[in-house]
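Residue numbers (the working numbering): 66 to 395. Even glycine gets a Cβ: it sits at the ideal position worked out from N, Cα and C. Since we're looking at a predicted model, the values are computed, not measured.
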């Protein structure tokens, strides 16, 4: 999938018709759309084509339980067109987007919904708004995020990986913990796959990491206490603690832009946000959210200590011999 050309103007026109509509008028599914049922899906394909010779797979796995409906609604009404344009402005010429919707395998009717990789405004919007915002939820403190990781590990076919050895991206949004194990019986009932045993979450994350760069985005600081520690244990600094759901697309763009070399570092990315007219307070929020991940890969823009080899080694209470260059300024 992923054929056709993207039009920002067409995408904005689609979203402008629903700005004032309630969520239930934008997301009209009251059950799983037949084309998004994950059972027996062999693969979702992100392929190169004549019009998209350098496809890049970007999977957005959205928690659609009761407390997390705001991000899908923001994407459908305001943000998705800006995400695609920002990626393309950063030189990501051929992004292809796949939507997954995450619920709970033990309590919800729709623990996983699966779209297709798409490149056009109309089809991206179609799969997003075909998601059923079931609004349920699972055992207090948990949702079935491990199903999204499993799907990414075993059911994605990406030309960026096959032809260029470049993994795609998986961005999960959520405010709960994952279940500590992937259940064999859940995989059978939801996807129709037969796996040999239950798997620890760490094994599923490791396998997914061979296909995608996995990230978990927490929507605001109040909810980070629910789940941050557990997610950091398995994803490290790929856990992005945002200050508002409205920062979702800017954080996703920043991760992709810096990972793909389109922005040198976090300071460089902050400047591009400013040039696009993003308010200073929102730039600050995005920078704070991305800082741990950016620092972990030396992309935070902060200078490294430099040793002055021409000077004698310090002794006693003398300065250490290290100096810093110009500090980060945003």
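Within the same chain, show all residues whose beta-carbon is closer than 7 Å to that of residue i, passing over the 5 residues directly before and after it, in chain order.
i           : result
residue 152 : 160, 318 and 321
residue 249 : 260, 262 and 263
residue 201 : 130, 131, 168, 169, 172 and 173
Excluding the 5 residues flanking residue i on each side, which residues of the same chain have their C-beta closer than 6 Å to its C-beta?
i           : result
residue 242 : 206, 207, 292 and 295
residue 272 : 218
residue 125 : 164 and 236
residue 81  : none
Could you tell me the distance, in whole angstroms, from the CA atom of residue i to the CA atom of residue j?
i           : j           : result
residue 119 : residue 91  : 32 Å
residue 389 : residue 267 : For residue 389, the pLDDT reaches just 47, beneath the cut-off of 50, and the residue's location in the model is therefore unreliable, although a value from the coordinates is still provided. Spanning the two alpha carbons is a distance of roughly 38 Å.
residue 298 : residue 304 : 10 Å
residue 136 : residue 194 : 12 Å
residue 289 : residue 316 : 16 Å
residue 70  : residue 116 : 7 Å
residue 93  : residue 87  : 10 Å
residue 73  : residue 183 : 14 Å
residue 255 : residue 170 : 8 Å
residue 351 : residue 331 : 10 Å
residue 98  : residue 366 : 45 Å
residue 106 : residue 234 : 20 Å
residue 345 : residue 113 : 38 Å
residue 301 : residue 185 : 33 Å
residue 251 : residue 211 : 11 Å
residue 339 : residue 245 : 40 Å
residue 140 : residue 286 : 20 Å
residue 247 : residue 240 : 19 Å
residue 360 : residue 274 : 20 Å
residue 108 : residue 162 : 15 Å
residue 229 : residue 85  : 43 Å
residue 89  : residue 134 : 11 Å
residue 253 : residue 343 : 45 Å
So, for residue i: in the same chain, excluding its five sequence neighbours on each side, which residues have a beta-carbon less than 8 Å away from its beta-carbon?
i           : result
residue 157 : 121, 321, 322, 325 and 327
residue 276 : 217, 218, 221, 223, 226, 232 and 233
Just to check my reading of the structure: residue i and residue j have Cβ atoms closer than 8 Å, yes? What is that Cβ distance to the nearest angstrom?
i           : j           : result
residue 238 : residue 284 : 7 Å
residue 175 : residue 197 : 5 Å
residue 313 : residue 144 : 7 Å
residue 132 : residue 168 : Rounded, the Cβ-Cβ distance is 12 Å, inconsistent with contact.
residue 257 : residue 104 : 5 Å
residue 83  : residue 146 : Actually they do not touch by this definition, with Cβ atoms about 12 Å apart.
residue 308 : residue 354 : 6 Å
residue 79  : residue 190 : 5 Å
residue 166 : residue 178 : 4 Å
Report the partner residues of residue i according to the DSSP bridge assignment.
i           : result
residue 84  : Its beta-bridge partners do not exist; DSSP assigns none.
residue 305 : 282
residue 123 : 162 and 234
residue 111 : 223
residue 246 : 265
residue 208 : 243
residue 128 : 167
query: What residue ranges within the segment 147-193 form continuous beta strand (DSSP E) runs of no fewer than 3 residues, ordered along the chain?
result: 160-167 and 177-179
- request: Starting from the N-terminal side, write out each stretch of the alpha helix (DSSP H) that is 4 residues or longer and does not extend beyond the segment 288-358.
  value: 289-300, 313-324 and 331-340
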